[in-house]
Amino acid sequence: MVFSNLLFLYVFLPLNLLCYSLAKDIRTKNVILLIFSLVFYAWGEPKFVLLLVGMTLVDWLFSLGIEHSRGTGRAKLWLVLACVFSLGLLGIFKYGSFTLANIQAVTGYPAVVPSIALPIGISFYTFQILSYVIDVYRGEIPAQHNFWLLLMYKSLFHVCIAGPIVRYKDISNELLVRQSTPAEFSAGIMRFAAGLGKKALLANTCASLTNSILLPDSVASNAGMLAANIKTLSGKPSMLLWLGVLLFMLQIYLDFSAYSDMAIGMGLMIGFHYKENFNYPYTASSVSQFWRQWHISLSSFFRDYVYFPLGGSRKGLARTIFNLFVVWMLTGLWHGASWNFVLWGLYFFVFISLEKIALGKILDRIPGFLSHVYLLAVVFFGWILFRFRRISLVWVVLKGLFCANGNPFYSFEAKTMWLNNCFFVIAAVIAVTPAIKKLGSKLKNKAGSNPAYTNAIAIAQVSAVVIIILLSTLALVGNTYNPFLYFQF
Amino acid sequence: MNSIRIKFDEKKERRTASLEELLIPSFFAVLALGFILAFILPLRPSVSQSEKRKLTAFPQFSMQSLFSGSYFEGIDLWFSDTFPLREQMVSANSDLKKLYGINTVQISGDVEKGDDIPDAPTRPPAPVITTAPPAETTVEQTTEKPAEPIKTQELNSVLLAGDQAYEYYTFVRKTADRYAAEISKAAAKLKGISTVYDMIVPTGIGIIIPDSLRNSINSSDQNKAIKYMYGSMSETVKTVSIYDTLMAHKAEYIYFRTDHHWTALGAYYGYEQLAKAKGFRAIPLSKYQKVSFKGFLGSFYSETDKNPALTKHPDTVDAYKPFNNTLMKYTDSKGKVIPWSVITDVSDWSAGTKYNAFIGGDNSYTVISNQETAGNASCIVVKESFGNALIPFLVAHYKTIHVIDYRYWDGDLAAFAKAKKAKDVFFINNISATRNESLVSRMEDLTD
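In order, the protein sequences belong to chains C and V. The opening position of the first sequence corresponds to residue 1324 in this note's numbering, with each subsequent residue numbered one higher. The opening position of the second sequence corresponds to residue 548 in this note's numbering, with each subsequent residue numbered one higher.
Below you can see the structure in the form of C-alpha cells.
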C-alpha cells in the first residue's frame, strides 16, 4: 500500500487513528501500531513480511549478544555478524541479479541470470536496523529487550517502506512514552495534507509529462528497444528536452519529499518526532550544501556510519578524497543496482571533492545567484544520469539539450507542450521553494495578536487542508497506479 | 518585559487553539465522509460510460494471488477505480487540468517528424510475378484469422484545437514505397481478371486544419505524399485523387471532430471522384434518405483522455441509406455469417461505437447484394475502416460488392477476384494506413 492511495486515505488511516485513539495505555497503542504496520507491509509484499520479521529477530538477538558481551572482543564479532547478515540479505535481494549479470558479462557464467524480486522498502528498513545494532555496539543506546518493540520500530508503516531512515536512538524514548498535543496533531494534519497534495496534484502530473517526453522507464530500460529509443529521443526538439528534464527534476523532489512529509505528519499525529528529511535542497548554493538538505536521513547515515569511521576529513586531503569516493559510490549504489546510479553517485563525488579542494572557496566569494545557478546546473544534469539506466540514452538527451543530435531547438508541438503546462510548471517550481512557508509566517507575523486576522488565517489553513485532500481525491480516483518513485530503492 | 512575553504567549496559545478546534474535526470529517462514501457499495459503478470500459472488478480470491500480493493489489485497484461518484470526480479533475496552462491547442502523444517526401516519384518497373495465380480452390481456404487480433487501431499523436481534433500524419518513406509497390503488384496479379483502383483518403489534418496551424505543425504534406505514392505506382493502377475535391469542401462537415474518420459526406465526395474514374454517373446525395445518430465520441475522445472540449460538443453520425433493396451478410470474428443491414440504427449504441452504423463496422468479409439491379457486375473493396462510410454509395452500381478488411481477412486476392468474377477492385485506404508498417504488411499478405 502507498500513502497516496484512496484505500489508505479513507480506510486504513481512519481505522488506524480510530483504534489508536480508543486504546487507553501505551502497550495497547503499540500493539495496534504493530498490527497495522504488519498489515500495511503485507498488503504490498505478503511473503516478505517473513523477511522483515526474520531479519529483525536475528538482529535483535545479535544486539542482545553485543550488550551481553560489551567490552569484550565478542561484541565486535556480534556486530560484524549482524552487519554481514543484514547487508548480506540486502545484497542478495537488491544486488544479486545485478552482480550475476555483470559476472555473466565478463565470464559468460552463469548462463541464466535469475531475476530476484526486490522486497519493498528493504533498503530503508535494513539501514534502520543497522543503525540500531551499531548504536548499541557504540554504547549510545541500550539494547531493546522487548522484541516486539524493536519489530514495531522496524516495521512502523510511516517510514518502513520509503523512509525517512529513522534511527532507533532518535525515537527510542518515544516507543514507550509519547503524546501528541492538539497543536502537534494539527501540525501533523497540515504536514500530511501538504505531502498528499505534493504527490497527487503535482508529482503525478510531473511524472506523466516526463514520461511522455523522456519515455517511461519501462520503455527506456528495455534493451530490445534501445535503437528505437535513441531514434525517438534524438529527434526531440531541444526546448522539449529541457522541459522534460526540468519536470523530472521537479518530480523527483516533489514525489520523495511528499512521502517524507506524509510520514512526518502521521508521526506527529501520534507523538513520534521524526527528523526532517529535506530542507528545500534546490535552494542550496553548493553541491555539499545540497546534500545536507536532500534526503538528509540517508546522507547523514553514510556520514555517521561510513565517512566518520573511515576518518572523515581528519586524515589529510588524499584520505578525505578516498573516503568521499567510498561514500558516494555507496550512495549511488544504494539508489539502485545499476551502473548509472553508481556513476550518478560518483558524479557528485567529483563536485564535492572539487568543492573541498578549491571550488568551495570560489563559490563563497562569487555572487549568491551565480553559485545557486552552478548548483542547479549540476543537479539538473545529474538527474539525466539518474533517469536512464542506459548510458547511451543519457548521452543522447545530453546532446539533444544543445541541439547536437541535429535536432531543432523549436517545434510547434514543443511550444504547445510548454504553453499547455506553463502555469503548472510555475506552481511546481514554487512548491519546491520555501516561498509558501515564508509567506505564511509573514502573514502570521503581520497578523500579530489581532484576533480577526488570526482567525482568518486559521480558517484559511483549515480550508486549504480540506481543499487539498478533496482535490487529491479527485486526482486519485480512476488513477489506477501511482507508486512512489523511491519505491524502487 | 517578562510580563509582556507571557501575555504574548497566552495570545499565541489561544490563537493556535482556535486552529486546532477547527482543523482536527474538519480532517476527521473529511476522512469519515470518504470512508462512508467508499462503503456505499451500490454507488460504486461497474462500467465507465465516458471511458467506455468495464471498471476493475473485485479480485477473485486464491491462495496464490494472496501470496503473490496480486489479491491486495486488485483490491486497491477496485477501490479507487470504482470509487462512488467516480465519473463526476474524473470529469471535475479534467476540468481542473485546464488550469495547467494556455490550451488553445493541445497535443497528445509523441509527435515524430516524418521523412522528407521526394519531389519526383519513383516509378518502379512493373513487378515480376513469379508464381502463377493459385487455383480457385484456395478461395475456400479463406478463413478468419483465429489468432489474437492484430493491433489495427494505432493512432498517431493527436492535435486538439478548440473542439476539433486531428491525427498527425507522418510520412514514412519505406512504408509508403511498400504500399505503392503492393498496389502495383496487386494490379499486376489481377491483370486480365480485374481493374485495380486505388484511393488514398487524406485525413483531417491534411484538409480541414486551419491555415494558421497548417504550416507550423510537424505533420507531413498529404497532397505531396499522395502524389508521390500515386506516381510510384505502376500505370496499370487507376489512381483516384480526392485531395483537391475534399479541399474544395473543407468548410463542410466532412471529418468528425472527435474521431479520426471522415463523415459520410466526406466519403460521398470521395465516391464522386471514384465514379468519375470508373466512368459512371454519381447518384446525387439528395436521392438518399439521410439518418442521423447524435452523441458520437470517437477515437480522439479516448486518445485525448476524454478532453472536456470534445465532451461538450459530440459528433453526429449522418448516414445515407441505399434506396435499393439490399441483402448484406458479414462474417464475424468466430467465422459465423450474420445477416445485417448496410446502415444500422446506432442511436442506442454507446457513444464510442457509432461509426459502426456503416456496413456493420469492421469485419473480415462482408458481402452486399443489390436485389434490384439486373446483370452480374461485382466488385471487391479492399479497405480498413475509412472504406465503411463510402461503400453504401457503391451499392446502386453493383449487383454484388465483396468487402475485404485486409486486416482480418486471409486469402489470395487474385484467386478470390477470379472466383467472384469481380471486374473492379477498389483499394480504399486512409493515408495513415500507408505509414503503418503492420497494416502494409497485412496488405502484402493479399498477394503473397
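Cβ coordinates follow ideal geometry from the N, Cα and C atoms, glycine included.
- Checking contacts by CB at 8 Å: is V/MET636 closer than that to chain C? yes
- Message: Does V/PRO886 come out as helix, strand or coil in the three-state DSSP assignment?
- Response: strand
- Query: Helix, strand or coil: how does DSSP classify V/TYR877 here?
  - Reply: strand
- 8 Å CB neighbourhood of V/LYS859 in its chain, flanking five on each side removed: ASP710
- Item | Interface residues of the region 1484 to 1512 of chain C facing chain V [CB-CB below 7 Å] | PRO1505, ALA1506, PHE1508, SER1509, ILE1512
- In DSSP terms, what V/LYS601 is bridged to: V/VAL594
- Query: Would C/ARG1688 be called buried (16 or more neighbouring beta carbons within 10 Å of its own) or exposed?
  - Reply: exposed
- Query: Would you report the Cα separation of V/TRP809 and V/ASP995, rounded to the nearest angstrom?
  - Reply: 31 Å
- Can you tell which of C/CYS1483, C/ALA1405, C/VAL1435, C/MET1475 has the C-alpha that lies nearest to the C-alpha of C/ILE1443? C/CYS1483
- Please determine, among V/GLY739, V/GLY778, V/LEU632, the residue with the shortest C-alpha to C-alpha distance to V/ALA969. V/GLY739
- Using a cut-off of 7 Å between C-beta atoms, extract the partners of C/ASN1744 located in chain V. TYR647, GLY648
- Task: Name, please, each residue of chain V whose Cβ falls closer than 7 Å to the Cβ of C/LEU1799.
- Result: SER627
- Is it the case that the Cβ atoms of V/LYS785 and V/SER641 are separated by a distance below 8 Å? no
- Query: Is the beta carbon of V/LEU584 sitting closer than 8 Å to the one on C/ALA1781?
  - Reply: no
- Item | Proximal residues to C/ASN1663 (C-beta, below 8 Å), its chain only, five neighbours per side dropped | LEU1708, PHE1709, PHE1711, ARG1712, ARG1713, ILE1714, VAL1717
- Could you say if the region 823 to 838 of chain V and the region 949 to 959 of chain V meet the contact criterion of at least three C-beta pairs nearer than 8 Å? no
- Query: From the DSSP output, which residues share a beta bridge with V/SER925?
  - Reply: V/THR947
- Task: Report yes if the C-beta distance between C/SER1454 and C/PHE1624 is below 8 Å; otherwise report no.
- Result: yes
- Item | Interface residues of the region 1362 to 1390 of chain C facing chain V [CB-CB below 7 Å] | TRP1366, GLY1367, GLU1368, PRO1369, LYS1370
- Determine whether the Cβ of V/ARG633 lies closer than 8 Å to any Cβ atom of chain C. yes
- Which of helix, strand or coil DSSP assigns to V/VAL842: According to the sequence shown, residue 842 of chain V is Gly rather than Val. V/GLY842 falls in the strand class under three-state DSSP.
- Query: Is the Cβ-Cβ distance between C/ILE1452 and C/LYS1492 less than 8 Å?
  - Reply: no
- Query: Based on the DSSP output, what are the partners of V/ASN976 in its beta bridges?
  - Reply: V/ILE747
- Query: Closest Cβ-Cβ distance between V/LEU821 and chain C: below 8 Å?
  - Reply: no
- Where V/TYR802 falls: helix, strand or coil (DSSP): strand
- Query: Taking all protein chains shown into account, do 16 or more other C-beta atoms lie within 10 angstroms of the C-beta of C/VAL1719, making it buried, or fewer, making it exposed?
  - Reply: buried
- C-beta contact flag for V/PRO668 and V/GLY753 at 8 Å: no
- Environment of V/LEU646 [buried if 16+ CB atoms lie within 10 Å]: exposed
- Which partner residues of C/ALA1754 appear in the DSSP bridge assignment? Answer by DSSP bridge pairing: none, since C/ALA1754 is not bridged.
- Message: Let me confirm a value: V/MET610 is counted as buried when at least 16 other C-beta atoms fall within 10 Å, else exposed. Which label applies?
- Response: exposed
- Min CB distance C/GLN1784 to chain V below 8 Å: yes
- Does any C-beta atom of chain V lie closer than 8 Å to the C-beta of C/SER1734? yes
- Enclosing beta strand (DSSP E) for V/GLN918 [first to last residue]: No beta strand (DSSP E) holds V/GLN918; DSSP gives it neither H nor E.
- Task: Flag V/GLU714 as yes if its beta-carbon sits less than 8 Å from any beta-carbon of chain C, otherwise no.
- Result: no
- Message: Give me the chain V residues within the contact set of C/THR1555, using Cβ-Cβ distance strictly less than 8 Å, ordered along the chain.
- Response: ASP657, GLU659
- Message: Between which two residues does the beta strand (DSSP E) holding V/THR981 run?
- Response: No beta strand (DSSP E) contains V/THR981, which DSSP labels as neither H nor E.
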